[in-house]
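A short write-up of the structure that comes next.
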Amino acid sequence: MRVYVTRRGGLAGVALHAALDTAQLSAVDATRAEAALRDLPWGRLPTQPTGADRFRYEVVTAEGGHERHVELGETEIPDTLRPLLELLHDYGQIRPASG
Amino acid sequence: MTARCAQRCILPPGLLHRLARSEEAALREAALNALALDGRFRLARAESAASSLRLSRPVTFARAGGQPQRTIYDQQGSESQTPGAVVRVEGQAPCGDQAVNQAYDGLGATYSFYWTVFERDSIDGAGMPLLGLMHYGRRYPNAFWDGAGHMFFGDGDGRILTQTAAGIDVIGHELTHGVTQHEANLTYSGQSGALNESVSDVFGIQVKQHALGQDVHSSDWLIGADIAGPVLRPALRSMKQPGTANPHDDQPADMNDYVPGGDVHINSGIPNRAFYVVATTLGGHAWDAAGPIWYAALADSQLRPNATFRDFARITLRHAQQTYGAASDQAHAVQQGWEAVKVAL
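Chains as they are written, first to last, in my numbering: chain A, 9 to 107; chain B, 3 to 347.
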């Protein structure tokens, strides 16, 4: 499953973006990640963050030509999506945060 | 001051009114003088409360202030939101963990700055414990304030950020988010969110300057210079020249380049530079006048959670004029600062 993930916020205020595929994960991690992705609160309005300098993640999928979008605070990320976020941290590209 | 008399101030007005009707001339005159003075004190107190004091501030009697209460925890790589194992408490000698010791020292330096410059007793002004949670997450490239009294520090990914407690300005930045929460509680989006971020940079850089004994000209005015990883070197932000701190820095330097809907860390460059201009125009130390003006504005009850840059700018100017005089160098410097970033007063 193709997934576009952007991490915003944090003390540094830089945006990190990656186009990922669950096929990049091991078979077990991919199955878990796809199940977690199906259960995300797609289309939900962004929540007001508590505190300051926390990361926020924008997740977009485009399965079957139908684009879905959600913004999550870092504490809302399911553990089974962590391997996917590791790929973002390792291979993500910095994007202009003003964009 | 010849008229100073504590007894006049503690007599209730009812008793003074009875004395004012006394048949004894000397007693009657003294009571009338005291009533006039008492009235002026009460009026001044009411005007002061209405214009600049937060009425909800708790009154505490237990602490004299001046001593931080630090506890440092080791999160051991977990992303648990509750404190892990205690590794160093107030008064204990340094341990073998550099991040722990840097957080302990940085929180102490930040407490010391707020206490010696503003007589503020910790985050809430009432001796709130300072809780640093170290080694949060795995290669976590961030530090944050959780809004519930905890400052979390990650070890960094070695790419964007390195170990985050190594930056004393970063520690000052995070603790100041707590101060802001207990004062104006600026909403973390839009211009109020960018102000929230800027206030943390403004006091974070002063904590660093204060600890290093730097004046406004010897400071580099860079935020995060000690924790920027290879991708973001030499620093995360420049208060002197927003947009030039690293190859990815896209902070605007004035309102002409304001980014509508931009991240709170983007537009914060505008009020950051206003503070830099005020402080360097006045010279000396940033906390001589510029810092206290910004602090008074942050603590002013008229600064609302949804404040705009202009709202904040106007309150800084009012405090500069009230404290130093309408035609003072300080008031002129504040005007110059906001003019430089094209925020209309």
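Where a beta carbon is used, it is the ideal one built from N, C-alpha and C, also for glycine.
Please read these numbers as outputs of a predicted model, since none were measured by experiment.
CB-CB length for residue i against residue j, believed under 8 Å
i        : j        : result
B/Gly86  : A/Thr58  : B/Gly86 to A/Thr58, Cβ: 20 Å. No contact.
B/Pro254 : B/Pro244 : 6 Å
B/Ala299 : B/Thr318 : 5 Å
B/His175 : B/Ile125 : In fact, because the Cβ distance is near 13 Å, the residues do not count as touching under 8 Å.
A/Leu19  : B/Val172 : 7 Å
A/Val11  : A/Val67  : 6 Å
A/Thr88  : A/Arg40  : 4 Å
B/Met130 : B/Ile74  : 15 Å between Cβ atoms; not a contact.
B/Arg275 : B/Val343 : 5 Å
B/Val88  : B/Val102 : Wrong, their Cβ atoms sit about 10 Å apart, outside the cutoff.
B/Val204 : B/Thr282 : That belief does not hold up - the Cβ atoms of B/Val204 and B/Thr282 are roughly 13 Å apart, past 8 Å.
B/His322 : B/Val336 : In the sequence as presented, His is not what sits at residue 322 of chain B; that position holds Ala. Yes, B/Ala322 and B/Val336 are in contact; Cβ-Cβ is about 4 Å, under 8 Å.
B/Asn269 : B/Gln193 : 7 Å
A/Tyr65  : A/Ile85  : 6 Å
B/Gly139 : B/Gly98  : That pair is no contact at about 21 Å.
B/Leu188 : B/Leu197 : 5 Å
A/Leu95  : A/Gln56  : In fact, because the Cβ distance is near 28 Å, the residues do not count as touching under 8 Å.
A/Asp61  : B/His179 : 7 Å
B/Gly156 : B/Ala168 : At roughly 12 Å, the Cβ-Cβ gap does not stay under 8 Å, so B/Gly156 and B/Ala168 are not in contact.
B/Trp340 : B/Ala315 : 4 Å
B/Gly264 : B/Arg239 : Not a contact, Cβ separation roughly 14 Å.
Backbone secondary structure at residue i - three-state DSSP
i        : result
B/Arg312 : helix
B/Ser330 : coil
B/Gln211 : helix
B/Ala95  : coil
B/Leu177 : helix
B/Glu341 : helix
B/Leu347 : coil
B/Leu39  : Low confidence applies to B/Leu39: its pLDDT is 46, below 50, so where it sits in the model is not reliable, and the reading given next is rough at best. Here B/Leu39 sits in helix by DSSP.
A/Asp2   : Residue 2 of chain A lies beyond the range of chain A shown here (9 to 107); nothing can be said about it.
A/Gly81  : strand
B/Ala168 : helix
B/Ser194 : helix
B/Gly134 : strand
A/Val185 : Examination of residue 185 of chain A is not possible in this model, given that chain A is present from 9 through 107 alone.
B/Val201 : helix
A/Arg103 : strand
B/Glu49  : With a pLDDT of only 43 at B/Glu49, under the threshold of 50, the placement of this residue in the model should not be trusted; the figure read from the coordinates follows. Note: B/Glu49 maps to helix in three-state DSSP.
B/Leu319 : helix
B/Ala87  : strand
A/Ala27  : strand
B/Ser54  : Reliability of the predicted coordinates at B/Ser54 is poor, the pLDDT of 45 falling under 50, and the value obtained from them is presented with this limitation in mind. In the structure shown, B/Ser54 sits in a helix (DSSP, three-state: H, G or I).
Unbroken beta strand (DSSP E) run spanning residue i, endpoints
i        : result
B/His152 : 152–155
A/Gln56  : A/Gln56 -> no beta strand (DSSP E), and no H or E assigned at all.
B/Trp2   : Residue 2 of chain B cannot be examined here, being either before or after the span of chain B that is shown, 3 to 347.
A/Val11  : 10–17
B/Arg72  : 72–76
A/Thr69  : 63–69
B/Leu163 : Unbroken run through B/Leu163: none, as it is neither H nor E.
Start and end residues, alpha helix (DSSP H) containing residue i
i        : result
B/Gln104 : 100–120
A/Glu94  : 90–99
A/Leu45  : 35–46
Heavy atom of the ligand ZN within 8 Å of residue i beta-carbon
i        : result
B/Phe155 : The ligand ZN is not among the ligands present in this structure, which contains no ligands whatsoever.
- Write down every uninterrupted run of the alpha helix (DSSP H) in the region 224–312 of chain B whose length is 4 residues or greater and which is fully enclosed by it, in chain order. 266–269, 271–284, 292–300
- Query: So, do the region 324–335 of chain B and the region 293–307 of chain B have three or more beta carbon pairs nearer to each other than 8 Å?
  - Reply: yes
- Message: Measuring CB atoms only, is the region 203–214 of chain B touching the region 106–124 of chain B, in the sense that at least three cross pairs come out at less than 8 Å?
- Response: yes
- Is the region 305–323 of chain B close to the region 217–236 of chain B, with three or more CB pairs under 8 Å? no
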